[in-house]
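This report concerns only the one structure given below.
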(Lines of atoms letter the chains of each structure in order from A and count residues from 1; the text may use other names and numbers.)
(Lines give C-alpha, C1' and ligand atoms only; values in the text may rest on other atoms or scores of the structure.)
Protein backbone atom coordinates (compact mmCIF):
# COMPACT_ATOMS: atom_id res chain seq x y z
CA UNK A 1 0.00 0.00 0.00
CA UNK A 2 1.15 3.55 -0.59
CA UNK A 3 0.21 7.13 0.08
CA UNK A 4 -2.57 8.65 -1.99
CA UNK A 5 -0.26 11.19 -3.60
CA UNK A 6 1.84 8.44 -5.16
CA UNK A 7 -1.20 6.37 -6.11
CA UNK A 8 -2.90 9.37 -7.77
CA UNK A 9 0.25 10.30 -9.68
CA UNK A 10 0.47 6.89 -11.30
CA UNK A 11 -3.27 6.44 -11.84
CA UNK A 12 -3.68 9.84 -13.51
CA UNK A 13 -0.36 10.44 -15.25
CA UNK A 14 1.52 7.16 -15.88
CA UNK A 15 2.90 7.44 -19.43
CA UNK A 16 0.44 5.94 -21.89
CA UNK A 17 -1.65 4.29 -19.17
CA UNK A 18 -2.91 7.00 -16.84
CA UNK A 19 -6.38 8.51 -16.96
CA UNK A 20 -5.06 11.70 -18.57
CA UNK A 21 -2.28 10.13 -20.64
CA UNK A 22 -4.09 7.15 -22.16
CA UNK A 23 -5.51 6.99 -25.65
CA UNK A 24 -9.17 7.12 -24.70
CA UNK A 25 -11.77 9.77 -25.46
CA UNK A 26 -10.41 12.11 -22.82
CA UNK A 27 -11.87 13.72 -19.72
CA UNK A 28 -14.95 15.07 -21.53
CA UNK A 29 -16.24 11.49 -21.83
CA UNK A 30 -16.36 11.21 -18.03
CA UNK A 31 -17.24 14.63 -16.64
CA UNK A 32 -18.27 18.11 -17.75
CA UNK A 33 -16.36 21.26 -16.86
CA UNK A 34 -16.99 24.90 -17.71
CA UNK A 35 -14.44 24.59 -20.51
CA UNK A 36 -16.66 21.92 -22.09
CA UNK A 37 -19.62 24.31 -22.21
CA UNK A 38 -18.63 25.57 -25.65
CA UNK A 39 -18.70 29.10 -27.01
CA UNK A 40 -20.66 30.70 -24.16
CA UNK A 41 -17.90 30.18 -21.60
CA UNK A 42 -15.21 30.93 -24.17
CA UNK A 43 -16.82 34.26 -25.06
CA UNK A 44 -16.75 35.28 -21.39
CA UNK A 45 -13.08 34.29 -21.11
CA UNK A 46 -12.39 36.17 -24.35
CA UNK A 47 -13.81 39.35 -22.79
CA UNK A 48 -11.47 38.93 -19.82
CA UNK A 49 -8.52 38.26 -22.13
CA UNK A 50 -9.31 41.41 -24.10
CA UNK A 51 -9.38 43.42 -20.85
CA UNK A 52 -5.92 42.13 -19.95
CA UNK A 53 -4.67 42.93 -23.44
CA UNK A 54 -5.87 46.50 -22.96
CA UNK A 55 -4.20 46.73 -19.55
CA UNK A 56 -0.92 45.61 -21.14
CA UNK A 57 -1.20 48.20 -23.90
CA UNK A 58 -1.86 45.72 -26.73
CA UNK A 59 1.63 44.22 -26.87
CA UNK A 60 3.08 42.81 -30.09
CA UNK A 61 2.92 39.30 -28.62
CA UNK A 62 0.19 38.16 -26.26
CA UNK A 63 0.11 34.67 -24.73
CA UNK A 64 -2.96 32.70 -23.68
CA UNK A 65 -1.70 29.60 -21.86
CA UNK A 66 -4.22 26.90 -20.93
CA UNK A 67 -2.78 24.60 -18.24
CA UNK A 68 -4.43 21.18 -18.18
CA UNK A 69 -5.86 21.83 -21.62
CA UNK A 70 -7.65 18.48 -21.97
CA UNK A 71 -8.23 17.98 -25.67
CA UNK A 72 -7.98 21.70 -26.38
CA UNK A 73 -11.69 22.40 -25.98
CA UNK A 74 -11.34 25.91 -24.56
CA UNK A 75 -8.51 26.96 -26.86
CA UNK A 76 -10.48 25.82 -29.92
CA UNK A 77 -13.35 28.07 -28.89
CA UNK A 78 -11.06 31.00 -28.05
CA UNK A 79 -9.58 30.77 -31.54
CA UNK A 80 -12.93 32.02 -32.84
CA UNK A 81 -14.13 34.05 -29.84
CA UNK A 82 -11.18 36.45 -29.51
CA UNK A 83 -11.48 39.75 -31.41
CA UNK A 84 -9.71 39.76 -34.76
CA UNK A 85 -6.98 42.34 -33.96
CA UNK A 86 -5.93 40.28 -30.93
CA UNK A 87 -6.00 37.03 -32.89
CA UNK A 88 -3.29 38.45 -35.13
CA UNK A 89 -0.98 38.81 -32.11
CA UNK A 90 -1.99 35.98 -29.80
CA UNK A 91 -0.11 32.75 -29.09
CA UNK A 92 -2.55 30.06 -27.97
CA UNK A 93 -0.63 27.46 -25.95
CA UNK A 94 -2.06 24.23 -24.55
CA UNK A 95 -0.09 22.65 -21.70
CA UNK A 96 -1.07 19.01 -21.27
CA UNK A 97 0.51 15.62 -20.56
CA UNK A 98 -1.65 13.94 -23.21
CA UNK A 99 -0.51 13.83 -26.82
CA UNK A 100 -1.54 16.63 -29.15
CA UNK A 101 -5.00 15.95 -30.63
CA UNK A 102 -4.69 15.13 -34.32
CA UNK A 103 -7.49 17.50 -35.32
CA UNK A 104 -6.16 20.53 -33.43
CA UNK A 105 -5.62 23.73 -35.41
CA UNK A 106 -2.01 24.56 -36.15
CA UNK A 107 -2.52 27.99 -34.61
CA UNK A 108 -2.66 26.26 -31.20
CA UNK A 109 0.69 25.21 -29.77
CA UNK A 110 0.85 22.06 -27.66
CA UNK A 111 3.48 21.22 -25.06
CA UNK A 112 3.99 19.22 -21.88
CA UNK A 113 5.58 21.98 -19.82
CA UNK A 114 4.72 25.56 -19.02
CA UNK A 115 6.55 28.14 -21.14
CA UNK A 116 9.53 29.67 -19.39
CA UNK A 117 8.10 33.16 -19.76
CA UNK A 118 4.60 34.21 -20.75
CA UNK A 119 2.94 37.59 -21.03
CA UNK A 120 -0.83 37.71 -21.14
CA UNK A 121 -3.27 35.29 -19.54
CA UNK A 122 -2.65 31.93 -17.90
CA UNK A 123 -5.78 29.76 -17.52
CA UNK A 124 -6.19 26.74 -15.25
CA UNK A 125 -9.74 25.43 -15.56
CA UNK A 126 -10.18 22.46 -13.23
CA UNK A 127 -6.49 21.68 -13.28
CA UNK A 128 -5.59 22.03 -9.61
CA UNK A 129 -8.21 19.50 -8.45
CA UNK A 130 -6.25 16.83 -10.32
CA UNK A 131 -2.85 17.72 -8.86
CA UNK A 132 -2.07 14.66 -6.69
CA UNK A 133 -2.10 15.13 -2.94
CA UNK A 134 -1.91 13.17 0.28
CA UNK A 135 -5.00 12.21 2.24
CA UNK A 136 -4.63 12.16 6.02
CA UNK A 137 -6.77 10.77 8.82
CA UNK A 138 -6.86 11.94 12.42
CA UNK A 139 -5.70 9.30 14.89
CA UNK A 140 -6.31 10.81 18.29
CA UNK A 141 -4.26 13.99 18.36
CA UNK A 142 -2.11 12.92 15.41
CA UNK A 143 -2.69 13.18 11.66
CA UNK A 144 -1.59 10.02 9.80
CA UNK A 145 -1.25 9.40 6.08
CA UNK A 146 -3.95 7.25 4.52
CA UNK A 147 -2.45 4.36 2.54
CA UNK A 148 -4.34 2.85 -0.38
CA UNK A 149 -4.07 -0.26 -2.55
CA UNK A 150 -5.01 -0.58 -6.23
CA UNK A 151 -8.58 -1.51 -5.28
CA UNK A 152 -9.15 1.60 -3.18
CA UNK A 153 -8.85 -0.09 0.22
CA UNK A 154 -7.21 2.06 2.88
CA UNK A 155 -5.16 1.65 6.02
CA UNK A 156 -3.32 4.07 8.31
CA UNK A 157 0.34 4.87 7.75
CA UNK A 158 2.95 7.03 9.45
CA UNK A 159 2.32 10.32 11.20
CA UNK A 160 2.55 13.28 8.81
CA UNK A 161 5.88 15.00 8.36
CA UNK A 162 6.65 18.44 9.74
CA UNK A 163 5.79 20.33 6.57
CA UNK A 164 2.38 18.70 6.17
CA UNK A 165 1.68 19.11 9.87
CA UNK A 166 2.35 22.84 9.62
CA UNK A 167 0.11 23.14 6.55
CA UNK A 168 -2.70 21.33 8.34
CA UNK A 169 -2.38 23.53 11.42
CA UNK A 170 -2.59 26.63 9.23
CA UNK A 171 -5.20 25.63 6.68
CA UNK A 172 -7.13 22.54 7.85
CA UNK A 173 -6.98 22.32 11.66
CA UNK A 174 -10.32 20.59 12.21
CA UNK A 175 -12.11 17.48 11.01
CA UNK A 176 -11.33 13.77 10.92
CA UNK A 177 -10.04 13.47 7.36
CA UNK A 178 -8.23 16.04 5.25
CA UNK A 179 -6.41 16.54 1.98
CA UNK A 180 -3.01 18.20 2.25
CA UNK A 181 -2.91 20.95 -0.38
CA UNK A 182 0.81 21.72 -0.36
CA UNK A 183 1.25 20.19 -3.82
CA UNK A 184 -1.53 22.39 -5.23
CA UNK A 185 -0.01 25.48 -3.57
CA UNK A 186 3.35 24.68 -5.13
CA UNK A 187 1.85 23.95 -8.57
CA UNK A 188 -0.06 27.23 -8.64
CA UNK A 189 2.92 29.22 -7.35
CA UNK A 190 5.08 27.67 -10.10
CA UNK A 191 2.52 28.55 -12.78
CA UNK A 192 2.14 32.13 -11.55
CA UNK A 193 5.92 32.43 -11.52
CA UNK A 194 6.07 31.72 -15.25
CA UNK A 195 3.88 34.75 -15.99
CA UNK A 196 6.07 37.83 -16.39
CA UNK A 197 3.11 40.21 -16.73
CA UNK A 198 -0.61 39.64 -16.98
CA UNK A 199 -3.30 37.65 -15.19
CA UNK A 200 -3.42 34.06 -13.96
CA UNK A 201 -6.90 32.59 -13.55
CA UNK A 202 -7.69 29.31 -11.78
CA UNK A 203 -11.26 28.01 -11.98
CA UNK A 204 -12.09 25.11 -9.70
CA UNK A 205 -14.43 23.76 -7.09
CA UNK A 206 -13.06 24.25 -3.63
CA UNK A 207 -13.45 25.42 -0.06
CA UNK A 208 -11.95 27.85 2.41
CA UNK A 209 -10.71 27.48 5.98
CA UNK A 210 -14.02 28.61 7.44
CA UNK A 211 -15.87 25.72 5.78
CA UNK A 212 -13.55 22.76 5.26
CA UNK A 213 -15.42 19.47 4.77
CA UNK A 214 -14.86 17.36 7.92
CA UNK A 215 -14.34 14.12 5.96
CA UNK A 216 -12.53 15.43 2.87
CA UNK A 217 -13.67 15.44 -0.75
CA UNK A 218 -11.62 12.85 -2.65
CA UNK A 219 -13.84 11.21 -5.24
CA UNK A 220 -13.98 9.90 -8.80
CA UNK A 221 -16.04 10.24 -11.96
CA UNK A 222 -16.64 7.54 -14.56
CA UNK A 223 -18.74 8.17 -17.69
CA UNK A 224 -20.56 11.04 -16.09
CA UNK A 225 -21.26 9.41 -12.73
CA UNK A 226 -19.63 9.90 -9.38
CA UNK A 227 -17.85 6.77 -8.16
CA UNK A 228 -15.55 5.53 -5.41
CA UNK A 229 -11.95 6.71 -5.76
CA UNK A 230 -9.94 3.75 -7.02
CA UNK A 231 -6.39 4.45 -8.26
CA UNK A 232 -6.36 2.01 -11.16
CA UNK A 233 -6.07 4.44 -14.10
CA UNK A 234 -9.60 3.83 -15.32
CA UNK A 235 -11.19 6.89 -13.73
CA UNK A 236 -10.71 10.46 -12.71
CA UNK A 237 -9.40 11.11 -9.20
CA UNK A 238 -10.23 14.55 -7.89
CA UNK A 239 -10.42 16.51 -4.65
CA UNK A 240 -11.68 20.02 -4.00
CA UNK A 241 -9.08 22.78 -3.83
CA UNK A 242 -8.21 24.65 -0.64
CA UNK A 243 -8.78 27.89 -2.51
CA UNK A 244 -7.50 30.27 0.15
CA UNK A 245 -4.26 28.36 0.63
CA UNK A 246 -3.63 28.31 -3.13
CA UNK A 247 -4.43 32.02 -3.34
CA UNK A 248 -1.88 32.82 -0.64
CA UNK A 249 0.81 30.78 -2.39
CA UNK A 250 0.29 32.55 -5.72
CA UNK A 251 0.15 35.96 -4.11
CA UNK A 252 3.50 35.35 -2.42
CA UNK A 253 5.10 34.80 -5.84
CA UNK A 254 3.35 37.68 -7.62
CA UNK A 255 3.71 40.16 -4.77
CA UNK A 256 0.13 41.29 -5.33
CA UNK A 257 -3.21 40.55 -3.74
CA UNK A 258 -5.46 38.11 -5.62
CA UNK A 259 -9.22 38.25 -6.09
CA UNK A 260 -11.24 35.20 -5.07
CA UNK A 261 -14.88 35.14 -6.24
CA UNK A 262 -17.53 32.62 -7.18
CA UNK A 263 -18.00 31.77 -10.84
CA UNK A 264 -21.61 32.99 -10.83
CA UNK A 265 -20.45 36.48 -9.82
CA UNK A 266 -17.47 36.46 -12.19
CA UNK A 267 -19.54 35.47 -15.21
CA UNK A 268 -22.23 37.99 -14.33
CA UNK A 269 -19.54 40.68 -14.35
CA UNK A 270 -18.55 39.47 -17.82
CA UNK A 271 -22.11 39.77 -19.11
CA UNK A 272 -23.67 36.33 -18.64
CA UNK A 273 -27.19 36.29 -17.22
CA UNK A 274 -28.96 33.09 -18.29
CA UNK A 275 -32.04 35.14 -19.22
CA UNK A 276 -34.16 33.69 -21.99
CA UNK A 277 -34.52 35.85 -25.11
CA UNK A 278 -37.92 37.52 -25.59
CA UNK A 279 -40.40 35.28 -27.38
CA UNK A 280 -41.07 38.07 -29.88
CA UNK A 281 -37.60 37.47 -31.30
CA UNK A 282 -38.72 34.04 -32.50
CA UNK A 283 -40.99 35.59 -35.10
CA UNK A 284 -38.42 38.05 -36.42
CA UNK A 285 -35.45 35.64 -36.47
CA UNK A 286 -36.37 32.02 -35.65
CA UNK A 287 -32.84 30.65 -36.11
CA UNK A 288 -31.30 33.47 -34.08
CA UNK A 289 -33.87 32.94 -31.35
CA UNK A 290 -33.00 29.24 -31.07
CA UNK A 291 -29.30 30.06 -30.84
CA UNK A 292 -29.96 32.67 -28.15
CA UNK A 293 -32.16 30.20 -26.28
CA UNK A 294 -29.42 27.56 -26.34
CA UNK A 295 -26.87 30.13 -25.14
CA UNK A 296 -29.16 31.18 -22.29
CA UNK A 297 -29.52 27.56 -21.23
CA UNK A 298 -25.74 27.08 -21.19
CA UNK A 299 -25.25 30.34 -19.31
CA UNK A 300 -27.78 29.23 -16.70
CA UNK A 301 -25.79 26.02 -16.22
CA UNK A 302 -22.54 27.97 -15.83
CA UNK A 303 -23.92 30.28 -13.13
CA UNK A 304 -26.10 27.77 -11.25
CA UNK A 305 -25.33 28.34 -7.54
CA UNK A 306 -25.60 24.62 -6.75
CA UNK A 307 -23.42 23.60 -9.70
CA UNK A 308 -20.72 25.22 -11.82
CA UNK A 309 -21.64 28.66 -10.52
CA UNK A 310 -20.27 27.68 -7.10
CA UNK A 311 -16.76 27.20 -8.50
CA UNK A 312 -14.11 29.60 -7.30
CA UNK A 313 -12.40 32.00 -9.67
CA UNK A 314 -8.93 32.86 -8.38
CA UNK A 315 -7.60 35.87 -10.29
CA UNK A 316 -3.93 36.59 -9.66
CA UNK A 317 -2.60 39.75 -11.32
CA UNK A 318 1.10 40.04 -12.12
CA UNK A 319 2.37 43.53 -12.79
CA UNK A 320 -1.10 44.91 -13.54
CA UNK A 321 -4.31 45.40 -11.59
CA UNK A 322 -7.28 43.06 -11.61
CA UNK A 323 -9.34 44.12 -14.66
CA UNK A 324 -11.97 46.69 -13.65
CA UNK A 325 -14.65 44.47 -15.17
CA UNK A 326 -14.10 42.00 -12.35
CA UNK A 327 -13.99 44.52 -9.52
CA UNK A 328 -17.09 46.50 -10.45
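Residue numbers (my numbering): 8 to 335. A virtual CB, placed ideally from N, CA and C, is assigned to each residue, including glycine.
With DSSP run on the structure shown, which of helix, strand or coil describes residue 161?
strand
*Which stretch, first to last residue, makes up the beta strand (DSSP E) that contains residue 227?*
227-229
Under 7 Å Cβ to Cβ from residue 322, same chain only, skipping five residues before and after it: list those, please. 206, 208, 265, 266, 329 and 333
Open item on the list: Considering only the alpha carbon of each residue, which of 62, 242, 195 and 163 lies closest to residue 121?
Closed with: 195
Close Cβ partners of residue 177 (< 8 Å) along its chain, the five nearest in sequence each way excluded = 252
Notebook entry, point to check: Contact check, residue 59 vs residue 127 under 8 Å by CB: the rounded distance?
Noted result: 7 Å
For residue 114, count the other beta carbons within 10 Å of its own beta carbon; 16 or more makes it buried, fewer makes it exposed. Which is it?
exposed
Quiz item: Can you tell me the Cα-Cα spacing of residue 23 and residue 256, whole angstroms?
Solution: 32 Å
Report the option in 130, 308, 165 and 136 whose CA atom is closest to the CA atom of residue 146. 165
>> Taking 8 Å as the threshold (C-beta atoms), are residue 131 and residue 88 in contact?
In response: no
Could you spell out the range, first to last residue, of the alpha helix (DSSP H) harbouring residue 50? 46-62
Beta-bridge partners of residue 204, as assigned by DSSP: 126
Using a 10 Å radius around the Cβ and a threshold of 16 neighbouring Cβ atoms, would you call residue 47 buried or exposed? buried
### Any 3 or more C-beta pairs closer than 8 Å across the region 70-85 and the region 98-105
yes
Strictly by DSSP, which residues pair up with residue 75? Answer by DSSP bridge pairing: none, since residue 75 is not bridged.
The region 221-228 contacting the region 240-247, beta-carbon criterion three pairs below 8 Å: yes
*Would you say residue 318 and residue 212 are within 8 Å of each other, going by their C-beta atoms?*
yes
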